[in-house]
């Protein structure tokens, strides 16, 4: 059966999972090498875990059984396999692991490296082949100035080979190599240059790097190793003042990245203006694992309420257009998810989806648009480097919308703040009756609909008298016996 916003039932059963061939296991390496079986065994034994969940993305599920058998045989521990993650496969699925009573998780494949809070996690990124000599030649073709300021970023599956590449570039004096900022790994195991007083450490996008104090981050060129995907987009938005060059090892291609960051930021600023116009905002819970996700949700709800708007929190699992179409009264959504899953661009969406940082720019009067971009909501929380407290005053700002050209207000009046947010919402029943409704809630949207559902008409329908009904059974009621005897 097909509905307007859902596909045929049979299609759901027969649907094939789209898999990017470049993400599948590189058979250049052995199973033990790619999945680091000895390291996993040592981690399980040294920590004395009793039940371990193995989380695989869809493109690595074909190896899940073999890996589980190897670990179970060598540790004598109970092993569970997690697939079809609740949200993005780059995030650790703690919810699924806890349902299976696991006390640890081993996460395989690409990872966003967002911090978790419930279970210990071991990351195994896997390995994709890279021709070090070809990558070296590509680097030297792109950067002819050996004194230039260069930062090397990379996908996690190439982290094992970066050291060999840098070893071929000793003539370059100002190369800054990023390190993976793995949650739970202490800084003591990091490069000793972090302790150098002449360097400044930068942590963002699951990476940490050090640059000289006398330099400006915007003056660096960035050499990225990996495919053109969400990771690269995230880097380019976070370092949007830097020039990006990429090298794709699978196809041995290197190029100047042509993503129009300014155009992208202009579109995002349009969404910010739409947020200022919106009266009803939906908060999408796009993760149940990233640390402090509840704190940022509460912070966003408070910000929306103080701006005189109404918020609804929605937990709907993996996002799609059909699910979001069920909430036509919501004018814009804010997605609380990991840094790589929060940015969603689709022409099929009925309403735009923004990230917490964009909501802050729209509604936090103390935060101004500077062109910088923060995709990690953890940087917006109290105590973080980019936290800016929202003014607590009740002053209402009135300006003109750049989208509609109409005047709009931002703030909470004394009358509105004195009324509880959970007050009942009343809608007019006809043109002759007037009722006051919450001007920022879904009740106003209800009054604008031409059809509002079935009405009860309480007190308007006459109650008929009680009459005696027929007696007997269906084949022969008492009043029908006389007719049958004739």
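In this note's numbering, the protein residues as written are -4 to 481.
Glycine included, every Cβ here is placed at the ideal spot set by N, Cα and C.
My output table needs one value for residue i: the three-state DSSP class, helix, strand or coil.
i	result
residue 183	Because residue 183 carries a pLDDT of 42, less than 50, the predicted location of this residue cannot be relied on, and the following value inherits that uncertainty. Helix, per DSSP.
residue 463	coil
residue 315	coil
residue 387	coil
residue 44	coil
residue 451	coil
residue 297	helix
residue 483	Because the chain spans -4 through 481 in this model, residue 483 falls outside it and cannot be assessed.
residue 114	coil
residue 37	helix
residue 91	helix
residue 288	helix
residue 348	strand
residue 167	coil
residue 472	strand
residue 175	strand
residue 343	coil
Pull the bridge partners of residue i from the DSSP assignment, please.
i	result
residue 205	196
residue 324	In the DSSP output, where bridge partners are listed per residue, residue 324 has none listed.
residue 403	394
residue 306	276
residue 50	77, 102
residue 119	103
What first and last residue would you give for the beta strand (DSSP E) that runs through residue i?
i	result
residue 277	275 to 280
residue 249	248 to 251
residue 352	It is not in any beta strand (DSSP E) - residue 352 instead sits in the alpha helix (DSSP H) that spans 351 to 358.
residue 489	Only positions -4 to 481 of the chain appear in this structure, which leaves residue 489 out of reach.
residue 28	Premise fails: residue 28 lies in the alpha helix (DSSP H), 26 to 29, not in any beta strand (DSSP E).
residue 238	238 to 243
residue 172	170 to 172
residue 148	145 to 149
In the DSSP assignment, the alpha helix (DSSP H) including residue i goes from what residue to what residue?
i	result
residue 62	59 to 70
residue 272	256 to 272
residue 367	No alpha helix (DSSP H) contains residue 367, which DSSP labels as neither H nor E.
residue 330	Per DSSP, residue 330 belongs to no alpha helix (DSSP H); it is in the beta strand (DSSP E), 327 to 331.
residue 160	157 to 162
residue 225	225 to 233
Near residue i, which residues of its chain fall below 7 Å by C-beta distance, leaving aside the five closest residues on each side in sequence?
i	result
residue 23	124
residue 398	268, 269, 272
residue 156	125, 127
Does the distance between the C-beta of residue i and the nearest non-hydrogen atom of the ligand ZN fall short of 6 Å?
i	result
residue 113	Within the structure as shown, the ligand ZN is missing, as the structure has no ligands at all.
Note down, in chain order, each residue of its chain lying with its Cβ closer than 6 Å to the Cβ of residue i, except the 5 sequence neighbours on either side.
i	result
residue 171	146, 204, 206
Would the region 132 to 145 and the region 228 to 238 be scored as touching if the rule is three or more Cβ pairs under 8 Å?
no
If you pair each beta-carbon of the region 77 to 96 with each one of the region 152 to 164, do three or more pairs fall below 8 Å?
no
Touch test, the region 115 to 129 against the region 64 to 78, Cβ-Cβ under 8 Å, three pairs minimum
no
Can you find at least 3 beta carbon pairs, one from the region 28 to 38 and one from the region 56 to 68, that sit closer than 8 Å?
yes
Within the chosen definition, does the region 330 to 346 reach the region 273 to 285 through at least 3 CB pairs nearer than 8 Å?
yes
Touching by the beta-carbon criterion (3+ pairs, under 8 Å), the region 210 to 225 and the region 236 to 254:
yes
Answer yes if the region 139 to 149 comes into contact with the region 161 to 170, meaning at least three C-beta pairs across the two stretches below 8 Å, and no otherwise.
yes
Count the C-beta pairs between the region 283 to 293 and the region 86 to 96 that are closer than 8 Å, then say yes if the count reaches three, no if not.
yes
Could you say if the region 99 to 115 and the region 39 to 57 meet the contact criterion of at least three C-beta pairs nearer than 8 Å?
yes
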